[in-house]
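Here the structure comes first, spelled out in structure tokens, and everything after it is commentary.
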């Protein structure tokens, strides 16, 4: 090929025995292209001398080549599935490996009505906020409205974000963490170029980037799209760290500096503090900060930027059911301490009171206070945690000021932190006094205290095991009950030693009946997921023991159906997050279970359960809105601690404490509940406005109908997959479980087996040079290999969902497309045919249907007038049809008539001779000038429709008077790229007339 026009984006070329589509970025020296079958993972670069005229041509009527109705339907559906470069305004949906639920498209439609996007997604836990926000970012980048993006999140969630973006959205995010930032910067050739300019997609630790030495640089180079996860932790009055996050976001949200897209994500946008919510919405638009959400007009304004749904809002949305668990079965597992353990706890309590009530004041007393509380929590957690903290030097005792002691103490004792992260919270806080004790403290006293702690340590060691630990015994009993009932449980513990202790004894008690593993903060986040994957890959039942390092960011609903709180968290949000690991979209069980273990002796956990955790649940159930506990419950927790340590008066050896008799605690509880209920009532009055996102249901219905037309009906995908496998010799076998089916792999052609990742031996999985080509599913001795498909999510590891974005479904579609044009393959390996003849009563005269693939060059605007327009290549599958009239002329059918033709069913078989005759005639008709002119005109019409669709999306911003929006509309252009590919030609004959000579002679 010699001219630049022959290598314009969207044109076809042939190289290395394959047809390719030329991509933007092609130069005189290098041709960039992707395979014609739409596989975007194999973009290649060719030298001009390697490129020749495309081998793909029009169908040829070879003897026996014509197929039947089924072959025509297979090819049409395969073309729709294989396409990854859709031409419509929702380009991202063709390029992602996840099929969003209908309700998850609402934030996307809201976003595309904004320029720039400023959106707060406050959906409930387990609804899919990650998918919703990432889908918006993908769409903005596909359309050229953004070049790069950053996700700000806690370090513990960074790997989860990276994995989601890579696997589901085809992005290659880099992690910007304390351990990676220097390496990333060093890999950039230009020392003056920022990480955020060089890498298109980054996932960044919020606490790492907010530091003074990095904040200003990030502010200068922050990408076009900014997603902020757990955005509620960046507002409020949590302290200095929270203030730093807010200052960073305020600077990044400032539109006088740069109009970047901002997406805030949180399951708890309402903290119970109106000022905090105002600060959060004010990041989107400063005018939102002063809104009064009790006024209808103000709610309307906020609704343009805020979407918040609970499960009942979207369980059935625009005709689609989303499989959430129907109910959560909550149970209490109460136990009484064994005699020796109760005496141990009573002695520890007496010792801690003595320490707190001592004569020392100021900083030393604050250290004693917090150390005493954390020691009590460890002792009530497990003897292993008690022994570990008694052997560990106190972190709190190493502080130098009362304020520092209070900060560390609240985090350790009350689980209250500025950032709400669970990272590092599972480490025992330690109880040994600091070596640098106050000089005025006698050495004899310090020696006596160390001896006392050593004695407690020995007693804790002697209490391990189910014989002396009633808490462990009841856990073993409840775990066994869950396994018998078919529930694999997750056991949540507070401390690392407790989790390891529990896992060890569960392994001993359960033996071979279940596999048990522990996941704690000692593992790197990636290793945690690997440990879970290793556990669930084993045959049989599973028990996962974990600390709160797994209470967020890891989805466990596929394999587990019950959560057991072995240790109560004193932070209600943490309990919500724990349960959310299994009680979320994709949970296959209709009911999940939540079991809380606590003692009846001390009354401490029971009181926390009643005052904080149960109150949190009651408010959510009564008002329909989950409001964070005001001030994290700090006041009531400190009152509880004071009642426990300063004013407790029970006799020696008695554990039960009557907190109701303590006036300070009673007042603190009453004040907390009053403030909490008031906040919930206030927020519940305005919640329903944001459940429907400010969009009229009929408007959403129309948009979703258009998307369904472009993507195809899920029922079509299931029919296609079954039929294609059956035609290839792998007859599907119905499976009533989860409404799916399975099909044997071995009868499939080798090319398709390899595309699906199945190989006969290890040698086939290795490319030249020894590099592995794919993760192989090799043949095991005497083991049949099956493909397993399910109608809907979730699916187990190694299974597939009947969705157009599933890798197995897409591989099947691409194989059928490639095989249809390769006439050298055996007939049985080519079920989809480019020619077909059908006898059906749906037509009264001869009708010809064409399956065509049009390609377009889209020129879309950049973010600013100074940015160059972005040229994209897109394709669109079209069906066109004409009817042969009595005089031999053609009448082209309308879109509605053609669509009706697609649903026609064959009524009689067609004789092979007649089939070949009609196929030869139809193939010749493709060269008529009238047909070619109609196809060209159709391409121009489609280009105009596409231009109008893209303009409508952007004019939503222009309608509010944005000059830039109007200018952007003027810069959109769509034009056909060459002649359409004619993939299939199918003749419909009326049965009675099929055996008579066709009117019009050869025509």
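In this note's numbering, the protein residues as written are 53 to 1055.
We put the CB at the ideal spot given by N, CA and C, even for glycine.
All figures in this text were calculated on a predicted structure; none of them were measured in a lab.
Using beta-carbon positions only, say whether residue 860 and residue 808 come within less than 7 Å of one another.
One-based indexing of the chain shown puts residue 860 at position 808. One-based indexing of the chain shown puts residue 808 at position 756. For residue 860 and residue 808, yes; Cβs fall inside 7 Å.
Where do the ends of the beta strand (DSSP E) carrying residue 908 lie?
Counted from its first residue, the chain shown places residue 908 at position 856. That run of the beta strand (DSSP E) goes 899 to 912.
Helix, strand or coil for residue 601 per DSSP?
Here the question's residue 601 lines up with position 549 in the chain shown. Of the three classes helix, strand and coil, the one that applies to residue 601 here is helix, per DSSP.
Could you please give the first and the last residue of the uninterrupted beta strand (DSSP E) stretch that includes residue 326?
For the purposes of this step, residue 326 is taken as the residue at position 274 of the chain shown. From DSSP, residue 326 is part of no beta strand (DSSP E) but of the alpha helix (DSSP H) over 326 to 334.
Based on DSSP bridge pairs, tell me the residues matched to residue 541.
Taking the first residue of the chain shown as 1, we reach residue 541 at position 489. DSSP output for residue 541 lists 614 as bridge partner(s).
Considering only their Cβ atoms, is the gap separating residue 930 from residue 971 smaller than 7 Å?
Start at 1 with the first residue of the chain shown, and residue 971 comes out as number 919. Start at 1 with the first residue of the chain shown, and residue 930 comes out as number 878. For residue 971 and residue 930, no; Cβs fall outside 7 Å.
Below 7 Å between beta carbons: does that hold for residue 297 and residue 333?
What you label residue 297 is simply residue 245 of the chain shown in a count that begins at 1. What you label residue 333 is simply residue 281 of the chain shown in a count that begins at 1. No, these two residues do not count as a Cβ contact at 7 Å.
Given a threshold of 16 other Cβ atoms within 10 Å of its Cβ, counted over all protein chains shown, does residue 181 qualify as buried or as exposed?
As a working mapping, residue 181 is identified with position 129 in the chain shown. That one is buried.
When the Cβ atoms of the region 62 to 70 are set against those of the region 91 to 110, are three or more pairs found closer than 8 Å?
Flag = yes, the region 62 to 70 and the region 91 to 110 touch.
How many Å lie between residue 107 and residue 72 at the Cα?
As a working mapping, residue 107 is identified with position 55 in the chain shown. As a working mapping, residue 72 is identified with position 20 in the chain shown. Cα to Cα, the separation comes out at about 10 Å.
Would you kindly work out how many angstroms separate the C-alpha atoms of residue 457 and residue 485, rounded to a whole number?
Numbered from 1 along the chain shown, position 405 holds the residue referred to as residue 457. Numbered from 1 along the chain shown, position 433 holds the residue referred to as residue 485. When rounded, the distance between both Cα atoms is 13 Å.
With contact counted as at least three CB pairs below 8 Å, one residue from each stretch, are the region 551 to 565 and the region 600 to 614 in contact?
The region 551 to 565 vs the region 600 to 614: no contact.
With DSSP run on the structure shown, which of helix, strand or coil describes residue 357?
For the purposes of this step, residue 357 is taken as residue 305 along the chain shown, with counting starting at 1. Reduced to three states, the DSSP call for residue 357 is coil.
Give the range of the beta strand (DSSP E) segment to which residue 364 is assigned.
On the chain shown, residue 364 is found 312 positions in, with the first residue counted as 1. Run containing residue 364: none in the beta strand (DSSP E); it sits in the alpha helix (DSSP H), 363 to 366.
For the alpha helix (DSSP H) holding residue 313, just list the boundary residues, first then last.
Here the question's residue 313 lines up with position 261 in the chain shown. From DSSP, residue 313 is part of no alpha helix (DSSP H) but of the beta strand (DSSP E) over 313 to 317.
Got a sec, what are the start and stop residues for the alpha helix (DSSP H) residue 213 sits in?
Counting from 1 along the chain shown, the entry for residue 213 is found at position 161. Its alpha helix (DSSP H) spans residues 207 to 221.
When the Cα atoms are used, what is the spatial distance from residue 1002 to residue 143?
By 1-based counting over the chain shown, the position of residue 1002 is 950. By 1-based counting over the chain shown, the position of residue 143 is 91. Each residue's alpha carbon lies about 10 Å from the other.
DSSP has residue 648 in a bridge; who is on the other side?
Residue mapping note: residue 648 aligns to position 596 of the chain shown, counting from 1. Bridge partners of residue 648: 384, 617.
Might you give, ordered along the chain, the residues of its own chain that have their beta carbon closer than 7 Å to the beta carbon of residue 909, omitting 5 neighbours on each side?
The count along the chain shown starts at 1 and reaches residue 909 at position 857. Closer than 7 Å at the Cβ level, and outside the excluded window around residue 909, lie 61, 62, 923, 925, 1027, 1029.
Ends of the alpha helix (DSSP H) at residue 454?
For the purposes of this step, residue 454 is identified with residue 402 of the chain shown, where counting begins at 1. That run of the alpha helix (DSSP H) goes 454 to 466.
Out of 277, 267, 82, point me to the one whose CA is closest to residue 169's CA.
Here residue 169 corresponds to residue number 117 of the chain shown, with the count starting at 1. Checked all of 277, 267, 82; the closest Cα to residue 169 is 277.
Going by beta carbon distance, what residues of the same chain come within less than 6 Å of residue 216, once the five residues before and after it are set aside?
Here residue 216 is taken as the residue at index 164 of the chain shown, counted from 1. Hits under 6 Å: 182.
When DSSP labels each residue in this structure, what does residue 546 get in the three-state scheme?
For the purposes of this step, residue 546 is taken as residue 494 along the chain shown, with counting starting at 1. The answer is coil: DSSP assigns residue 546 none of H, G, I, E or B.
Sorted by chain position, which residues of the same chain lie with C-beta nearer than 8 Å to residue 431's C-beta, five sequence neighbours on each side aside?
By 1-based counting over the chain shown, the position of residue 431 is 379. If we look at residue 431 and ignore the five residues flanking it on each side, its Cβ neighbours are 396, 397, 400, 437, 438, 512.
Just reading off the alpha helix (DSSP H) that residue 527 is part of, what are its end residues?
The residue labelled residue 527 in the question sits at position 475 within the chain shown. Per DSSP, residue 527 belongs to the alpha helix (DSSP H) from 522 to 536.
Mapping DSSP to helix, strand and coil, what is residue 37?
The chain is shown from 53 up to 1055; residue 37 falls before or after that span and cannot be answered.
The alpha helix (DSSP H) with residue 133 in it runs from where to where?
Here the question's residue 133 lines up with position 81 in the chain shown. That run of the alpha helix (DSSP H) goes 121 to 134.
In terms of residue numbering, what span does the beta strand (DSSP E) encompassing residue 377 cover?
Mapped onto the chain shown, residue 377 falls at position 325. Residue 377 -> no beta strand (DSSP E), and no H or E assigned at all.
Starting from residue 794, trace the beta strand (DSSP E) both ways and give me its first and last residue.
In the chain shown, counting from the first residue as 1, residue 794 sits at position 742. Residues 792 to 796.
By DSSP, does residue 1040 sit in helix, in strand, or in coil?
Within the chain shown, residue 1040 is the residue found at index 988, counting from 1. Strand at residue 1040.
Tell me, please, whether the region 156 to 165 touches the region 234 to 250 by the rule of three or more beta-carbon pairs shorter than 8 Å.
Segments in contact, no.
Do you know offhand how far residue 963's Cα is from residue 969's?
Along the chain shown, read from residue 1 onward, the residue named residue 963 stands at position 911. Along the chain shown, read from residue 1 onward, the residue named residue 969 stands at position 917. Whole-angstrom Cα-Cα distance: 10 Å.
Within 10 Å of its beta-carbon, does residue 865 have 16 or more other beta-carbons around it, so buried, or fewer, so exposed?
Taking the chain shown and counting its residues from 1, one reaches residue 865 at position 813. With 16 or more other Cβ atoms within 10 Å, it is buried.
Suppose only complete runs of 3+ residues qualify. What are the beta strand (DSSP E) ranges in the region 932 to 983, listed by chain order?
Listed in chain order, they are 942 to 944.
Under DSSP, the beta strand (DSSP E) around residue 888 begins and ends at which residues?
Along the chain shown, one-based indexing puts residue 888 at 836. Its beta strand (DSSP E) spans residues 887 to 891.
Tell me which residue opens and which closes the beta strand (DSSP E) that residue 895 is part of.
Position 843 of the chain shown, counting from 1, holds the residue named residue 895. Looking at the DSSP string, residue 895 is not in any beta strand (DSSP E), and its letter there is neither H nor E.
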